[in-house]
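Asker: One line per chain: the protein sequences are G, R, C and D, in this order. Under the numbering used here, the letters of the first sequence match residues 1 to 121, in that order. Under the numbering used here, the letters of the second sequence match residues 1 to 544, in that order. Under the numbering used here, the letters of the third sequence match residues 1 to 518, in that order. Under the numbering used here, the letters of the fourth sequence match residues 1 to 243, in that order. Ideal placement from N, C-alpha and C gives every residue a C-beta, glycine not left out.
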Amino acid sequence: MSEFLRSYLTVAIFGATGCLLVGAFVGLSALVRPTRPQAQKYLTYESGVDPVGTGWSQSNIRYYVFALLFVMFDVEAVFIFPWATRLEAYGYFGLVEMAIFIFILALGLFYAWRKGVLRWV
Amino acid sequence: MEFDNNWLLSVMTFVPLVGAAIVMAIPKAEEELIKWAALITSLVAAGLGVFLLTDFNYDNAGELQYVADAQWISVINSRYIIGVDGIALPMIALTLLVVPLCIIYTMGHFPEPRNPKALLSLILILETGMLGTFIAQDLILFFVFFEVVLLPMFFMIAVWGGDDRRYASLKFFLYTMFGSALMLVSFLAMYFLADGTIVGDEANTFSMIALSDGATVGIARTSQLWIFAGMFVGFGVKVPMFPFHTWLPDAHTQAPTVGSVILAAVLLKLGTYGFIRIAIPMLPEAAAAWAPFIGLLAVIGIIYGALGCLAQTDMKRLIAFSSVAHMGFVMLGISTLTDFGINAAVFGMVAHGLITGMLFFIAGSVKDRYHTLDMARLGGLLISAPRMGWILGFCAMASLGLPGLAGFWGEFPAILASYNPAAILPEATFRGYMVVAALGTVLAAGYLLWMLQKTAMGTPKDEFVDNPEITDVKTYEWIAWAPLLALILALGLYPKPLFSTTDDAVVKSLQVNVMDDVPDCLNLDTDQGEACFDDLREQFEAAG
Amino acid sequence: MLNILAQPPTDAIPTPDVAWSGLMPLLILSGGAVLLLTIVSLAKDFIPRWFTPIYTVLIGIATGVAAIPLWLRVTDTPSAADPNNGPFATLDSSFGVDGFSVFFTMLFAAVVVLVALLANDYLRREDIDGPEFYVLMMLSASGGIVMASANDLIVMFLGLEILSIAVYVMAAMHSRRIESQEAGMKYFVLGALSSAVFLYGIALTYGATGSTNLVEIREFLSNVILLNDALLLAGFALLLVGFGFKVAAVPFHSWTPDVYQGAPTPVVGFMASAVKAAAFAGMLRVFWLTFGSYRTDWQPVIYGLAIATLLVGSFVAIVQTDVKRMLAYSSISHAGYLLVGVQAATNEGTATVLFYLAAYAFMVIGSFTVITLATGPGDAKTSLTDIAGLARTRPVLGIALTVFLLGQAGVPFTSGFFAKFYVISAAADANSYGLAIVAMLAAVVAAFLYLRIMMAIWLDGDEVADPTELAAAKAGIPVPWGAAVVLVVTVGFTLVFGLWPEPMIEMARDAVPALAIG
Amino acid sequence: MEAIVFFVSAAIILAGGLGVIVLRNPVHAALSLVATLFGVAVLFIDMEAYFLAAVQVIVYAGAIVVLFLFVIMLVGVDKAEDIYAEPIIKQRQFAALAAAGMLILVALVGVAFAGDVTGQPSNEDMTISRAIENPDGTTTPAETSNINQLAEALFTDYVFAFEITALLLTIAVVGAVVLARRPKGDLQPLPDVEPSWALRKPRAVTPTEATDPSAGDDADQDPDETTVDQAATDGAETDEAKA
């Protein structure tokens with residue numbers, strides 16, 4: 001087994017341990033707690049609101065804009081991360097380039113904000 | 001830079017365009033003003049034409065005169081070269097004559113829907129296009145003018161035409177464009193394959209002077225054949241030659257009278273002119289190879305046109321089919337590749353322009369009076385409108401080639417020339433064509449006399465008796481027709497001036513002027529002739 | 001943090017030089033777009049309606065003006081006085097500035113100006129939000145500039161995406177028309193697919209050559225003889241498919257008719273001119289300039305594409321009854337002509353493509369201007385019968401449309417004639433006579449289409465004799481000043497360069513692409 | 001070991017990809033896309049491109065698929081289109097044929113020339129250095145972490161690409177905002193067009209269907225059709241359950 005895969009073995013062991021622990025605690029509580037089933041208890045928890053209709057409901061298009069903004073800044077983070085690891089190596093050039101990058105993206109966010117799509121009515 | 005040397009042709013060509021612009025600028029309501037402006041413009045152009053005719057040096061008709069050569073599109077070495085020689089001169093004169101007459105004719109009787117502003121500007125634009133095609137000495141310039149002619153004619157048929165005008169105009173446009181598409185490719189092939197340096201031009205050139213002076217000798221035989229084929233289709237559609245002729249009857253039948261006249265008198269000549277001016281002088285070798293085939297299609301056209309005529313019931317359609325037959329004679333003359341035959345062809349072009357133009361005028365006038373051209377319903381023109389009947393008879397006689405009238409000098413020498421074609425061509429074949437063509441003249445007499453009998457002879461049908469609309473020739477018609485009738489007679493009685501004008505230029509166009517000792521390859525036997533062209537190619541390659 | 005930056009690090013990375021002058025037009029155009037976005041966000045309620053179109057026109061003009069000194073510089077040869085003359089590249093050879101890219105920059109600037117003028121009244125008529133349209137259009141044109149200037153496949157891909165995504169949105173902007181939405185959707189789905197294919201092509205080319213930089217790829221291909229070039233050829237094929245989608249070459253054309261029909265008419269004008277031009281710019285840059293040494297491999301493919309495109313474009317157009325669909329097929333057949341020029345794979349062939357694109361851009365914007373005006377509110381009445389008799393109620397529009405249609409048919413005395421002629425001559429020069437003949441015959445078939453439209457506007461429809469009715473019909477088709485300016489410019493361009501094409505041809509020939517290192 | 005990792009993840013990728021096109025419920029399809037993307041991330045790790053693997057998970061599996069799900073939920077899962085209708089006759093067969101052809105083509109190129117990556121990274125600095133396995137079993141680690149190399153490439157060769165990416169993302173935001181906005185005024189009526197000749201046969205097409213399939217959302221839906229759809233979806237679910 002190569003070196004790099006061996007280091008992932010550690011991850012695997014940690015993961016397995018985690019799963020085991022969760023299983024152990026849930027199982028333990030199931031053993032000790034009292035069981036009195038009622039119909040209401042089996043309702044899906046929706047912040048205290050009665051769930052109506054099927055689970056596959058149509059969502060509002062506004063969610064989409066949020067999701068897209070999220071993706072946008074997700075991608076931004078992807079670019080920022082490598083820059084941040086070697087900040088000093090790129091000097092002012094890197095700083096300026098990154099500033100421009102973030103600035104342009106910020107303008108997009110600013111536009112979306114001013115257009116009111118971030119406000120939930 | 002003297003006026004008459006450089007500017008005459010350009011001014012003459014573009015005056016109608018300026019006139020068209022003026023006509024378009026005049027408000028629609030001023031109908032009279034529009035008509036007079038158009039007429040005056042065409043008369044100014046015709047006046048310049050008269051000056052050209054008097055000033056032209058007939059002793060040197062073989063050479064291009066009034067040559068102007070200016071930069072146009074230098075990147076493709078296409079120049080604005082214009083000039084006129086003995087072949088182009090009669091064509092120009094014909095154009096300049098026919099257009100004012102057409103305008104006069106429309107002034108008397110305007111086709112529906114009226115809109116004189118549009119029709120007259122179209123006629124003037126058309127005139128510029130036709131004149132430009134005849135003076136152009138650069139292939140691109142030629143092509144541009146050749147195409148410019150298309151659109152006004154298209155609109156003339158499409159707007160002022162008969163019931164089936166849409167179909168006819170589209171067919172006309174698409175056929176011609178199809179031909180010119182292939183023609184353009186041929187021009188380009190020649191541009192890239194020819195070497196202008198041997199005649200002192202740039203290597204790649206569109207100059208028709210350089211290309212007919214022998215810049216093309218270096219092109220391989222197969223390439224020449226293909227290039228010629230492209231041009232053949234392009235010009236052949238316009239002529240129209242036998243398999244490409246089907247647009248013509250439709251276009252003629254549907255076009256308004258002036259449209260038919262211009263179409264018959266000038267537009268069809270663009271095709272034959274192209275053969276004489278471009279295809280044959282530039283590619284004599286390919287022309288020799290294709291000539292028997294062209295001759296064959298020409299005689300098929302003669303017979304087919306004649307038979308077609310006999311099957312018609314519509315007078316205008318009959319005249320249209322007779323055009324196919326007549327242009328067949330012209331093409332037969334061209335296909336002999338002799339100066340005799342081509343002279344006859346040029347004469348035939350002029351004569352056909354005058355005669356058929358006249359016939360269409362009469363057909364138009366008949367239609368105005370009777371509102372039909374169905375020969376079964378017509379009849380007795382000699383009784384109800386005797387002068388018009390006689391004019392129709394006169395033109396029919398001229399058309400069937402009666403000696404003493406212009407038509408004779410187009411047909412008879414063409415038939416004669418095919419008895420004795422250029423030596424390089426198969427003699428027996430052409431003699432066969434001669435026999436068939438002679439048969440064609442008999443058929444021509446048949447259908448024209450039949451038409452005459454149906455329309456002019458007899459008594460008027462009941463429906464047209466005492467119809468006040470049926471009057472004899474009116475003044476405007478006299479003005480429009482008299483010059484044509486006079487010329488038909490004059491040229492028929494004394495054809496020499498026209499023949500002597502064209503002869504030098506025709507002789508020159510058949511020479512391959514490449515190097516000092518020019519063998520006349522076309523006048524050698526078939527095998528020797530081909531060897532002669534091969535020799536030329538080798539000499540050219542040896543020379544560099 | 002600034003302290004960290006101030007210390008010269010031991011392993012500082014050499015940062016690339018930026019030649020600002022070369023980036024100027026792009027910066028003006030994209031910066032202008034971003035600035036407009038900011039202005040809109042800051043003061044959305046205080047902006048008068050005339051501001052955005054005028055602003056866009058000014059930005060477009062500024063872009064074009066900024067390109068002029070660049071043009072003079074890159075088309076000149078280096079001399080002792082000006083050693084910097086000639087093509088150059090910047091940002092680690094990823095952005096090339098040569099005659100080719102500057103030519104396209106100017107073309108895009110012109111398109112932006114014209115479409116902005118046209119769109120103003122359209123957006124008002126259809127009640128579509130203005131500023132975003134202009135922002136997207138300017139950004140899209142910036143993407144076009146990036147594509148035409150890209151010296152790196154990744155940069156070219158991003159240019160393509162900037163160009164396309166903005167146009168997808170623009171196509172769907174007429175939110176009350178379901179066809180517009182459909183157009184945006186179709187264009188997006190197929191466009192995204194083609195982008196993916198394009199990207200895959202880049203990956204394979206990278207695998208075969210070891211670089212995404214066009215300069216390095218060309219070096220590699222001319223220095224290394226590949227014993228096995230399957231990977232490279234697969235890359236070519238995929239890149240070609242990507243470009244083929246954008247230029248609407250058959251068999252990648254299926255989106256065109258629906259999108260042209262559904263999208264807002266000014267956007268179609270933009271698509272037909274700018275998007276097509278940008279895609280051809282990219283294609284020439286990648287195939288002719290970079291893969292030039294492999295031209296025997298890709299020429300036959302483009303030959304086949306050209307023939308298919310010409311034939312399908314002209315023949316299928318015959319059976320259409322909707323004007324926008326007709327022009328969509330006509331744009332397909334124009335793509336065929338342009339491919340004929342690309343196929344020639346010579347500098348002359350490249351020049352013919354540039355000339356054709358410039359001529360076509362003006363003609364097509366003009367055509368869609370007339371159609372925008374003629375179809376009236378709703379933008380949906382675009383069948384032949386809807387515009388019948390246009391020339392009689394509005395002779396000016398009729399004449400203008402006739403000029404554009406004749407130009408597209410390639411009738412002499414229009415720039416379209418020389419465009420076609422020049423392309424065919426390039427094909428003849430490259431000895432592709434078969435292609436030349438097919439192209440000319442396709443022109444005849446296509447002419448039928450243009451004649452049909454012309455007949456509809458001149459001959460069909462009821463004759464309106466009554467002057468008051470005529471006046472009412474006229475009033476139904478207003479010609480606002482912006483559209484009038486567009487018509488004057490486009491008709492002028494078409495006719496002037498039809499009579500005297502020399503300057504434009506000279507310019508196209510000077511705009512030969514070059515790959516510079518910098 | 002790498003080979004095992006490769007084959008396992010390749011199987012996950014293919015299974016996920018297959019799931020995307022086979023599963024009838026779009027949400028399930030999106031979820032199997034996640035499997036594919038995870039598989040790709042594993043492949044990245046296998047190639048020691050750790051940062052890319054992380055990005056793959058964060059951006060694709062995390063953000064993009066979420067976006068997909070939003071869109072799916074936006075359209076409404078219960079309003080499945082009638083995917084049984086074939087607009088073009090024998091479309092499915094052709095599609096299958098084309099897919100098979102493509103597969104064979106890709107396989108040919110892939111299998112026949114797999115080892116023939118000819119290009120050499122021309123710029124030495126850009127080479128992503130890899131850990132080298134020494135013969136004695138130990139490994140020499142990579143010189144610098146590949147995230148640094150990535151950053152280096154980003155700020156030298158690809159700095160322009162990096163900057164215009166910002167432009168691209170901004171366009172995406174503007175586009176989303178513009179398109180997500182509620183249309184002003186009423187929708188225009190659908191045009192009254194004949195279906196094209198290709199669509200006319202062989203099944204009877206109702207006018208609403210013929211004009212635009214996406215119009216089904218806000219236009220009145222044919223009740224019969226809906227039930228058919230429902231049945232189709234149910235059937236698909238039972239199929240899955242069996243699988």
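#1: Please report the straight-line C-alpha distance between Arg325 (chain C) and Asn120 (chain C), rounded to a whole angstrom.
#2: List the residues of chain C whose Cβ lies closer than 9 Å to the Cβ of Val261 (chain R), in chain order.
#3: Identify every run of the beta strand (DSSP E) within the region 180-262 of chain R, keeping only runs that are complete inside it and at least 3 residues long; order them along the chain.
#4: Does the structure place the region 106-124 of chain C close enough to the region 134-149 of chain C that three or more beta carbon pairs sit under 8 Å?
#5: Please state whether DSSP places Gln72 (chain D) in a helix, a strand or coil.
#6: Decide if Met271 (chain C) is buried, meaning its Cβ has at least 16 other Cβ atoms within 10 Å, or exposed.
#7: Could you work out which residue in R:Tyr167, R:Ser335 and R:Val199 is closest to Ala287 (chain R) when comparing CA atoms only?
#8: Listing by chain order, which chain C residues have their CB less than 8 Å from the CB of Pro183 (chain D)?
#9: Scan the region 199-243 of chain C and note each continuous alpha helix (DSSP H) run of 4 residues or more that stays entirely inside, going in chain order.
#10: Going straight from the alpha carbon of Lys171 (chain R) to that of His252 (chain R), what length do you get?
#11: Can you name the start and end residues of the alpha helix (DSSP H) that Phe321 (chain R) belongs to?
#12: Counting only C-beta atoms, is Gly101 (chain D) closer than 8 Å to chain C at any point?
#13: At least one CB of chain G closer than 8 Å to the CB of Ser214 (chain D): is that the case?
#14: What residue does the alpha helix (DSSP H) around Phe154 (chain R) start on, and which one ends it?
#15: Between which two residues does the beta strand (DSSP E) harbouring Ser254 (chain C) extend?
#16: According to the neighbour-count rule (16 or more other Cβ atoms, all chains shown, within 10 Å of its Cβ), is Asp55 (chain R) buried or exposed?
#17: Please state whether DSSP places Val465 (chain R) in a helix, a strand or coil.
#18: Using a Cβ cut-off of 7 Å, which residues of the region 60-73 of chain G contact any Cβ in chain D, in chain order?
#19: With a cut-off of 8 Å, do at least 3 Cβ pairs link the region 236-256 of chain R to the region 164-180 of chain R?
#20: Can you tell me where the beta strand (DSSP E) holding Thr290 (chain C) begins and where it ends?
#21: Return the CA-CA distance between Glu463 (chain R) and Thr385 (chain C), expressed in angstroms with no decimal places.
#22: Alpha helix (DSSP H) containing Ile424 (chain R): first to last residue?
#23: From Phe540 (chain R) to Gly218 (chain R), what does the alpha carbon distance come to, in whole angstroms?
#24: Could you check whether the Cβ of Gln91 (chain D) sits closer than 8 Å to any Cβ belonging to chain C?
#25: Using a 10 Å radius around the Cβ and a threshold of 16 neighbouring Cβ atoms, would you call His371 (chain R) buried or exposed?
#26: Would you kindly work out how many angstroms separate the C-alpha atoms of Trp197 (chain D) and Ser254 (chain C), rounded to a whole number?
#27: List the DSSP bridge partners of Ala150 (chain C).
#28: Among C:Leu193, C:Ser175 and C:Gly184, which residue has its Cα nearest to the Cα of Pro189 (chain D)?
#29: Anything in the region 98-119 of chain G with a Cβ closer than 7 Å to a Cβ of chain C? List those residues in chain order, please.
#30: Going along the chain, which residues of its own chain have a beta-carbon closer than 7 Å to the beta-carbon of Lys469 (chain R), five neighbours each way excluded?
#31: Specify the secondary structure class of Asp239 (chain D) as computed by DSSP and reduced to three states.
#32: Pull up the distance between the alpha-carbon of Pro501 (chain C) and that of Ala189 (chain R), whole angstroms please.
#33: Round the Cβ separation of Leu37 (chain C) and Leu109 (chain G) to the nearest angstrom and send it over; I've been treating them as touching at under 8 Å.
#34: Do we get a CB-CB distance below 8 Å when we pair Leu285 (chain D) with the residues of chain G?
#35: Can you check whether the CB of Pro292 (chain R) is closer than 8 Å to the CB of Ser509 (chain R)?
#36: Give a yes or no on whether 8 Å exceeds the smallest Cβ distance from Ile13 (chain C) to chain G.
Answerer: Straight from the coordinates:
#1: Walking along the third sequence from the start, residue 325 (chain C) turns up at place 325. Walking along the third sequence from the start, residue 120 (chain C) turns up at place 120. Rounded to whole angstroms, Arg325 (chain C) to Asn120 (chain C) spans 24 Å at the Cα level.
#2: Indexing the second sequence from 1 puts residue 261 (chain R) at position 261. Result: empty, since nearest Cβ-Cβ is about 22 Å, beyond 9 Å.
#3: Secondary structure remark: continuous beta strand (DSSP E) runs of at least 3 residues inside the region 180-262 of chain R: none found.
#4: With the cut-off at 8 Å, the region 134-149 of chain C and the region 106-124 of chain C touch.
#5: The count along the fourth sequence starts at 1 and reaches residue 72 (chain D) at position 72. Reading off the sequence, residue 72 (chain D) comes out as Ile, not Gln. It is helical.
#6: Numbered from 1 along the third sequence, position 271 holds the residue referred to as residue 271 (chain C). Answer is buried; the Cβ neighbour count reaches 16.
#7: Taking the second sequence and counting its residues from 1, the one referred to as residue 287 (chain R) is at position 287. Nearest to Ala287 (chain R) by C-alpha distance, out of R:Tyr167, R:Ser335 and R:Val199, is R:Ser335.
#8: If you number the fourth sequence from 1, residue 183 (chain D) lands on position 183. The contacting residues are Ser175 and Arg176.
#9: You should have 214-223.
#10: Taking the first residue of the second sequence as 1, we reach residue 171 (chain R) at position 171. Taking the first residue of the second sequence as 1, we reach residue 252 (chain R) at position 252. Spanning the two alpha carbons is a distance of roughly 12 Å.
#11: Counting from 1 along the second sequence, the entry for residue 321 (chain R) is found at position 321. DSSP places Phe321 (chain R) inside the alpha helix (DSSP H), whose first and last residues are Met315 to Ser335.
#12: Here residue 101 (chain D) is taken as the residue at index 101 of the fourth sequence, counted from 1. Not closer than 8 Å to any Cβ of chain C, the Cβ of Gly101 (chain D) fails to qualify, so no.
#13: Position 214 of the fourth sequence holds residue 214 (chain D). For Ser214 (chain D), the pLDDT reaches just 45, beneath the cut-off of 50, and the residue's location in the model is therefore unreliable, leaving the point undetermined.
#14: Stepping through the second sequence from its first residue, residue 154 (chain R) is reached at position 154. Leu150 to Trp160 is the extent of the alpha helix (DSSP H) around Phe154 (chain R).
#15: To locate residue 254 (chain C), count along the third sequence from 1; it is residue 254. Here Ser254 (chain C) belongs to no beta strand (DSSP E), and DSSP marks it neither H nor E.
#16: Residue numbering aside, residue 55 (chain R) sits at position 55 when the second sequence is read from its first letter. Classification for Asp55 (chain R): exposed.
#17: Here residue 465 (chain R) refers to the residue found at position 465 when the second sequence is read from its first residue. Coil at Val465 (chain R), not helix or strand.
#18: Close to chain D, meaning a Cβ-Cβ distance shorter than 7 Å, are the following residues of the region 60-73 of chain G: Ile61, Arg62, Tyr63, Tyr64, Val65, Ala67, Leu68, Leu69, Phe70, Val71 and Met72.
#19: Yes, the region 236-256 of chain R is in contact with the region 164-180 of chain R.
#20: Reading the third sequence from its first residue, position 290 is the one you call residue 290 (chain C). For Thr290 (chain C), there is no enclosing beta strand (DSSP E), since its DSSP letter is neither H nor E.
#21: Translated into positions along the second sequence, residue 463 (chain R) becomes position 463. Translated into positions along the third sequence, residue 385 (chain C) becomes position 385. If you take the alpha carbons of Glu463 (chain R) and Thr385 (chain C), they lie about 41 Å apart.
#22: Sequence index remark: in the second sequence, residue 424 (chain R) carries index 424 (1-based). Here Ile424 (chain R) belongs to no alpha helix (DSSP H), and DSSP marks it neither H nor E.
#23: Locating residue 540 (chain R) in the second sequence gives position 540, where the first residue counts as 1. Locating residue 218 (chain R) in the second sequence gives position 218, where the first residue counts as 1. Straight-line Cα distance between these residues: approximately 6 Å.
#24: Taking the fourth sequence and counting its residues from 1, one reaches residue 91 (chain D) at position 91. Gln91 (chain D) does not count as touching chain C.
#25: Residue 371 (chain R) sits at position 371 when you count from the first residue of the second sequence. Its Cβ having fewer than 16 others within 10 Å, His371 (chain R) is exposed.
#26: For this step, residue 197 (chain D) is matched to residue 197 along the fourth sequence. For this step, residue 254 (chain C) is matched to residue 254 along the third sequence. For Trp197 (chain D), the predicted model reports a pLDDT of 49, less than 50, meaning its position is unreliable; a value from the coordinates is still stated below. Whole-angstrom Cα-Cα distance: 15 Å.
#27: As a first step, residue 150 (chain C) is located in the third sequence; it is residue number 150 there, counting from the start. Ala150 (chain C) pairs with C:Phe95.
#28: Here residue 189 (chain D) refers to the residue found at position 189 when the fourth sequence is read from its first residue. When each option's Cα is compared against that of Pro189 (chain D), the closest is C:Ser175.
#29: Look at the region 98-119 of chain G: the residues with a C-beta under 7 Å from a C-beta of chain C are Ile104, Leu107, Phe110, Tyr111 and Arg114.
#30: Translated into the one-based positions of the second sequence, residue 469 (chain R) becomes position 469. Residue identity check: residue 469 (chain R) is Glu in the sequence provided, not Lys. Sequence-distant Cβ neighbours of Glu469 (chain R) in its own chain, meaning closer than 7 Å and more than five residues away, are Arg369.
#31: Within the fourth sequence, residue 239 (chain D) is the residue found at index 239, counting from 1. Low confidence applies here, because Asp239 (chain D) scores a pLDDT of 41, under 50, leaving its location unreliable; read the following figure in that light. In the structure shown, Asp239 (chain D) sits in a helix (DSSP, three-state: H, G or I).
#32: Counted from its first residue, the third sequence places residue 501 (chain C) at position 501. Counted from its first residue, the second sequence places residue 189 (chain R) at position 189. Spanning the two alpha carbons is a distance of roughly 21 Å.
#33: Indexing the third sequence from 1 puts residue 37 (chain C) at position 37. Indexing the first sequence from 1 puts residue 109 (chain G) at position 109. Not confirmed; about 11 Å, so no contact.
#34: Because chain D spans 1 through 243 in this model, residue 285 (chain D) falls outside it and cannot be assessed.
#35: Along the second sequence, read from residue 1 onward, the residue named residue 509 (chain R) stands at position 509. Along the second sequence, read from residue 1 onward, the residue named residue 292 (chain R) stands at position 292. Cβ atoms of Ser509 (chain R) and Pro292 (chain R): not closer than 8 Å.
#36: Taking the first residue of the third sequence as 1, we reach residue 13 (chain C) at position 13. Yes, Ile13 (chain C) counts as interfacial toward chain G.
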